[in-house]
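Colleague: Quick one: the structure is below, questions incoming.
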Amino acid sequence: MPRCSLGGTNMASIARLPMPLMEAYEWQYEGACREADPETFFSPESERGPRRHAREHLAKTYCARCTVRDQCLQHALKVKEPYGVWGGLTTGERAALITGERSAG
Numbered sequence: 175m176p177r178c179s180l181g182g183t184n185m186a187s188i189a190r191l192p193m194p195l196m197e198a199y200e201w202q203y204e205g206a207c208r209e210a211d212p213e214t215f216f217s218p219e220s221e222r223g224p225r226r227h228a229r230e231h232l233a234k235t236y237c238a239r240c241t242v243r244d245q246c247l248q249h250a251l252k253v254k255e256p257y258g259v260w261g262g263l264t265t266g267e268r269a270a271l272i273t274g275e276r277s278a279g
């Protein structure tokens, strides 16, 4: 997996992204998250504990009422999105789903 030059953190591989066609990303225009602050879905590096859980819970409330939640989650799983809440799942929850674990918060 490619590494970011800043701190060596994993990044989503652009090789797994769909072609740069409008149709491949059109579902994003229907996302409930479009009315939210993007910071709701992505945690600051230093965020931990109750504050992080509260932010993730808020993000998931948008996902719970989203009409394109499945497309969002499938996109995040396909590209192995390493950050944020996508399709109602956190980074840890998506990783657990991919590896077959029961839960990873």
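With this note's numbering applied, the sequence shown covers 175 to 279.
Every residue, glycine too, gets a C-beta built ideally from N, C-alpha and C.
Predicted, not measured: the structure shown is a model, and the values here were computed from it.
#1: Can you tell which of Glu200, Tyr199, Cys207, Tyr203 has the C-alpha that lies nearest to the C-alpha of Gly261?
#2: Mind checking Ile272: buried by the 16 CB within 10 Å criterion, or exposed?
#3: Am I right that Val253 and Ala233 are in contact with their C-beta atoms under 8 Å? What's the rounded C-beta distance?
#4: Excluding the five sequence neighbours on either side, which residues of its own chain have a C-beta within less than 7 Å of the C-beta of Glu204, listed in chain order?
#5: What does the alpha-carbon distance come out to for the pair Glu230 and Thr264?
#6: Give me whichever residues DSSP pairs with Leu263 in a beta bridge.
Modeller: According to the structure data:
#1: Cys207
#2: exposed
#3: Val253 to Ala233, Cβ: 18 Å. No contact.
#4: Thr241, Val242
#5: 7 Å
#6: Trp260
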